[in-house]
Amino acid sequence: MTMRPTQIAALLALAAGAADAQALRVMTWNINGAEATPAALEENARGALAELGPVDVVMLQEVISQDQVAAIARGFGLEHHAISDFSPPPSITRSPFSSLEVAVISRTPILGAAEWDPTGRDPNGDGFAPRVSDAAAPVEELPIDVTFADDTPDRGFLRVDLDGELSVYAVHWKSSRGESCNAADLLNALQREEQAEGLAQDLARRLSDPARTVIVGGDFNIQAPGRAARVGMDLGSDCAPAGSCDGVCGADGLDGYDDSISALLAGVSGARLLSADLDNTFIGRFFPGGAIDHLVVAGARAGAFQLASTPVVNGSSFFGSDHRPVLATASDGETDGSDRARIRALIDEMRARLTELEALIGR
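Here the sequence shown stands for residues -21 to -1, 1 to 342, numbered as in mature numbering (1 follows the signal peptide of the UniProt record, and there is no 0).
Dropping the structure here:
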């Protein structure tokens, strides 16, 4: 079998992962899979692996089937996966965008999976537990005590427990659908705050074990505190714009109206927002104020995580997605950092040479 240069690069990247044997590399990515085939998503994942290098855990958004998630896992060279079951399939909802799920794929076996589905058995929910690749792993629906002020959010969270006292959460918070600084987005923000409240409750329960580390990754659909006027830090003081935040919200007015991330960080002791300073991660169009895709960590190994990064993208797509992935690595310092840096530099040079080779021989 003749291997394409991208496949060779992927294998080299996997081999280089041995240099980071003591590290944990995680990624969140809205993969834009609503209308994609499993085969296309597997190829996109292979391309991302070749460019980004190996990852141990990936939190996915905008997938609609277990077949898709299994294919993405293969593309990343990972064996284990879980997918939420918030909504009925598109054959019932009549639209893939009404059947969006989140997922987690992992290098190590899944010990258990749970989800909070706010919709339950409502018309846009189904009340079923998450689906996992590890048949022996227990699954459950979580009761979360949140009172909804208006429309119920379509999605809660998926939690996957892994070896090493690690709990990984995948989230996809309410979209603003292009709205900002108006009455419609005030309602969107309210749903995001409710999603944050439910998530914080379960995080606090998991962190009652002092040895546990939690990682939350996903498309939060809101910027970090301090990055946009609509983003607030005080649940008790919200601006109420009617079409513009100028002079109404932020430095020139009252506290922003979307306190979801601030509430999450305040509700989880020691939580760190690793993506706070990242540039835009939604690349489908210009979206000022920085990243809306985030990584949050807390617990025993939270301090070992470096700040998050995101790849440089020229254009409006990254391997089929309109979102850039967000990555972060935790290392407990047992691997020599200078050796790891040299190996990473060598792998980067190999990728550059393989790119040149692709240009010469074509795909």
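No residue lacks a Cβ here, since even glycine has one placed at the ideal position from N, Cα and C.
On the CB-based measure, 16 or more other CB atoms within 10 Å of its CB, does residue -4 come out buried or exposed?
The pLDDT assigned to residue -4 is 47, lower than 50, so where the model puts this residue is not dependable; a value taken from the coordinates is nonetheless given after this. Exposed: under 16 other Cβ atoms inside 10 Å.
Does DSSP classify residue 338 as helix, strand or coil?
helix
Shortest alpha-carbon distance to residue 235 belongs to which of 43, 28, 244, 165?
165
Contacting residues, own chain, Cβ-Cβ under 6 Å from residue 179 (five flanking each side not counted)
243, 246, 247
Threshold first: 4 residues or longer. Then list the alpha helix (DSSP H) segments lying entirely within the stretch 111 to 192, N to C.
162 to 185
C-alpha gap between residue 200 and residue 283, whole angstroms:
26 Å
Check whether the stretch 103 to 120 touches the stretch 6 to 19, taking contact to mean three or more Cβ pairs, one atom from each stretch, closer than 8 Å.
no
Contact check, residue 41 vs residue 13, beta carbons under 8 Å
yes
Taking just the CA atoms, how far does residue 10 sit from residue 67?
20 Å
Does the Cβ of residue 369 have 16 or more other Cβ atoms within 10 Å, making it buried, or fewer, making it exposed?
In the structure as shown, the chain begins at -21 and stops at 342. Residue 369 is therefore absent and cannot be evaluated.
Taking 8 Å as the threshold (C-beta atoms), are residue 149 and residue 48 in contact?
no
Could you check what DSSP says for residue 251 in three-state terms: helix, strand or coil?
strand
If you reduce the DSSP assignment to three classes, tell me which class residue 9 lands in.
strand
In whole angstroms, what is the alpha-carbon distance linking residue 337 and residue 34?
24 Å
Under a Cβ-count criterion, where at least 16 other Cβ atoms within 10 Å of its own Cβ denotes burial, should residue 311 be classed as buried or exposed?
exposed
Could you tell me which residues DSSP pairs with residue 38 in its beta bridges?
7, 83
Tell me, to the nearest whole angstrom, how far the beta carbon of residue 97 is from that of residue 131; I am working on the premise that it is less than 8 Å.
5 Å
Taking buried to mean at least 16 other C-beta atoms within 10 Å of its own C-beta, is residue 264 buried or exposed?
exposed
Count the other CB atoms within 10 Å of the CB of residue 76; is the residue buried (16 or more) or exposed (fewer)?
exposed
To the nearest angstrom, how far is it from the Cα of residue 222 to the Cα of residue 146?
40 Å
Mind checking whether residue 31 and residue 306 have CB atoms under 8 Å apart?
yes
Between the CA atoms of residue 144 and residue 192 - distance to the nearest angstrom:
6 Å
When you compare only the Cα positions, how much space is there between residue 276 and residue 253?
7 Å
Where does residue 304 land, buried or exposed, given buried means 16+ other C-beta within 10 angstroms?
buried
For residue 159, collect the residues of the same chain with a Cβ closer than 8 Å to its Cβ; drop the 5 residues on either side in sequence, then sort them by chain order.
209, 224
DSSP bridge partner residues for residue 278 (one or two, in chain order)
192
Helix, strand or coil at residue 233 [DSSP, three-state]:
strand
My guess is that residue 37 and residue 84 are in contact by the Cβ rule of under 8 Å, so how many angstroms apart are they, rounded?
5 Å
Out of 329, 43, 211, 99, point me to the one whose CA is closest to residue 73's CA.
43
Once the 5 residues before and after residue 255 are set aside, which same chain residues still bring their CB inside 7 Å of it?
203
Which value, in whole angstroms, describes the spacing of the CA atoms of residue 78 and residue 60?
18 Å
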